[in-house]
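Chains as they are written, first to last, in my numbering: chain G, 1 to 174; chain E, 1001 to 1509. By construction, the Cβ of each residue, glycine as well, lies at the ideal position given by its N, Cα and C atoms. Please read the structure below before turning to the comments.
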């Protein structure tokens, strides 16, 4: 069997693929690099990794679990929060065009603006709930709310435009 | 089990790790424990650790653990004879302690009269002056802005501006320049008003560099008080303790004796009983200045337990039932033995300005081994609620000397895993491995001066981390995680609020 994942490292996606060679032997491709390990499970989310190869280092214990949008792994006494590409809000649209989009499919819990409201760039306009997690959506720019395209309680699709803000000169804003 | 338990059943008016720790102590004494809990804490570790549980309802502290009326009613309904308040919440509330007594129950803590006399920083300072305990030169009352300004000039800069009713650093600031005084007083008043409903301020000389040294006291109801020596809690971030230890590298036998005697004198002067802690600042010339008394069991009490060999919760319960310290401690050698360090494991990101976190703990693996104690309030699968303190557990180590204790702590932190939400575990390890900390050169402003310790190396995950992550998912997925394949990872996520706002495509990063 094998398992593939993609993580964002220094802003670039890196493909990581684990392949079962046989027995406790696994091969892992991190980008172009190939690493091999003898792997022992120490219970859910816990592994003992013994590097294989002529210049292999000492055995190490690793712990891992999903965390937020990504995956948290703890190895060699350090914790790393791994970011997955989908979690970067890529489809959430550009706030610079004044459109507030749903970053994921979910329920509109609260509308905190109405047409005609003057809003600041960091002001929370919509509160959404998805996977029982709450997300506060803020205006991308300062201006006046010209359209509210969702109702409280509505289920909206990822990337749907919920609020439209037209820029205007608001004091204190760049 | 103890031959004659002092009580049959005791209610613990607290939550999380301290309620678990108190329940353990009660069980060792042959006493049944009653947990109280809010709605969201229905499955909290302390509820599972106690013999009985009582639902208080509500979720905020105000509608649960801070509601003295509800807690008293719970104690009566459950047939408890005494209430242990833990720390925080109602532990230093003299009115609650009185209400417990008036209801015919025992409050396991100091008598309310002593609490009143030490209740505010100002009251405690006046008591210390009367008892001949050194205090930081400064004002004892607030006669308005003009008098505070005049006092600051008289004492000489730098000064500390503090809330009279204060605690936890709120309303407190250091002023180095005369032109900043008026603004600092005004800002302090606003903060104090918001935090304590009381905007009175005091001015004191800033002692710097200063160490935070505190003396653990234990008194009985017969007028006896003993010192169980010092703890050093100089590693603080924004006036909150991060690591605590005993003994202190800055305290020798002679100073230990002098500070202990000063603390005992003050406690006896106000008729203090049960556990308490006198906090002092110690300057680099060996001068110590009284700050305040914390009239309760402290978060960091385990380090004292490890070096003195006494069980402070046992003593608290026994003296509350009227036992004499001389009998409880007869034949005991209370001199500090070895070195103990405690690390507070919290759900927060030191790397992001100590932003607190909440949410599901997918994987908890707590350290173990020789000389390691973990007082924990969490388990794998527990959802850390947003309503309370961010502390998850305390990791405490004991070793023959400080260097070995640091090595043991570093190793224990490396072995600990609290995954699913951000924690300060890596930050704690950076401190313990830091040469300045290892050398014992701490002061209360060290963390403020060393932002590198909070920030961390900021390096991207290496190939080993990436490989380990995918292997963990392929070979041994954590609880609540999907089997190999599939991107959704939050199947069992329950309600929590992302603390940072989510900005939709806004601006550049």
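Can you round the beta-carbon distance between residue i and residue j to whole angstroms, since I take them to be within the 8 Å contact cut?
i               : j               : result
residue 1204(E) : residue 1159(E) : 6 Å
residue 1448(E) : residue 1427(E) : About 14 Å; that fails the 8 Å criterion.
residue 1107(E) : residue 1097(E) : 4 Å
residue 184(G)  : residue 1468(E) : The structure shown does not extend to residue 184(G), since chain G is modelled only from 1 to 174, so the question has no answer here.
residue 1080(E) : residue 1010(E) : 6 Å
residue 1378(E) : residue 1392(E) : 5 Å
residue 1465(E) : residue 77(G)   : About 12 Å separates the two Cβ atoms, so there is no contact after all.
residue 1093(E) : residue 1068(E) : 7 Å
For residue i, which of helix, strand or coil comes out of DSSP?
i               : result
residue 1060(E) : coil
residue 1473(E) : helix
residue 1411(E) : helix
residue 1009(E) : strand
residue 1285(E) : coil
residue 1078(E) : coil
residue 1035(E) : strand
residue 1141(E) : coil
residue 1253(E) : helix
residue 85(G)   : helix
residue 1375(E) : strand
residue 155(G)  : strand
residue 1025(E) : helix
residue 1092(E) : coil
residue 107(G)  : strand
residue 1(G)    : coil
residue 1122(E) : helix
residue 173(G)  : Because the pLDDT at residue 173(G) is just 37, under 50, the model does not fix this residue reliably, and the point stays unresolved.
residue 1268(E) : helix
residue 1341(E) : strand
Quick one: is residue i buried, meaning 16 or more other Cβ sit within 10 Å of its Cβ, or exposed?
i               : result
residue 155(G)  : exposed
residue 1218(E) : buried
residue 1162(E) : buried
residue 1360(E) : buried
residue 103(G)  : buried
residue 1410(E) : buried
residue 1291(E) : buried
residue 1222(E) : exposed
residue 1473(E) : buried
residue 11(G)   : exposed
residue 163(G)  : buried
residue 1236(E) : buried
residue 1139(E) : buried
residue 1481(E) : Reliability fails at residue 1481(E), whose pLDDT of 48 lies under 50, so the model's placement of it is uncertain and the value that follows must be treated cautiously. Under this definition residue 1481(E) is a buried residue.
residue 1110(E) : buried
With distances taken from CA atoms, which of the options is nearest residue i?
i               : options                            : result
residue 1015(E) : 1027(E), 1066(E), 1260(E), 1145(E) : 1066(E)
residue 1202(E) : 1215(E), 1174(E), 1094(E)          : 1174(E)
residue 1148(E) : 1336(E), 1403(E), 1185(E), 1136(E) : 1185(E)
residue 1277(E) : 1307(E), 1157(E), 1251(E), 1230(E) : 1230(E)
residue 48(G)   : 56(G), 54(G), 37(G), 55(G)         : 37(G)
residue 1279(E) : 1216(E), 1351(E), 1347(E)          : 1216(E)
residue 1197(E) : 1170(E), 1178(E), 1357(E), 1207(E) : 1170(E)
residue 1051(E) : 1068(E), 1058(E), 1033(E), 1344(E) : 1033(E)
residue 1424(E) : 1176(E), 1382(E), 1037(E), 1394(E) : 1394(E)
residue 151(G)  : 43(G), 84(G), 121(G), 114(G)       : 114(G)
residue 1228(E) : 1265(E), 1336(E), 1470(E)          : 1336(E)
residue 1211(E) : 1232(E), 1191(E), 1385(E), 1398(E) : 1232(E)
residue 1028(E) : 1315(E), 1035(E), 1439(E)          : 1315(E)
residue 1180(E) : 1152(E), 1192(E), 1128(E), 1115(E) : 1152(E)
To the nearest angstrom, how far is the alpha carbon of residue i from that of residue j?
i               : j               : result
residue 1234(E) : residue 1304(E) : 16 Å
residue 70(G)   : residue 1389(E) : 25 Å
residue 1311(E) : residue 1225(E) : 16 Å
residue 1077(E) : residue 1199(E) : 39 Å
residue 1274(E) : residue 1320(E) : 7 Å
residue 1024(E) : residue 1299(E) : 16 Å
residue 1287(E) : residue 1252(E) : 13 Å
residue 1450(E) : residue 46(G)   : 33 Å
residue 1113(E) : residue 1296(E) : 14 Å
residue 1318(E) : residue 1006(E) : 7 Å
residue 1463(E) : residue 1061(E) : 44 Å
residue 1347(E) : residue 1154(E) : 43 Å
residue 1370(E) : residue 1309(E) : 16 Å
residue 1330(E) : residue 1049(E) : 31 Å
residue 1343(E) : residue 153(G)  : 44 Å
residue 1208(E) : residue 1254(E) : 22 Å
residue 957(E)  : residue 1119(E) : Because chain E here runs from 1001 to 1509, residue 957(E) falls outside it and cannot be looked at.
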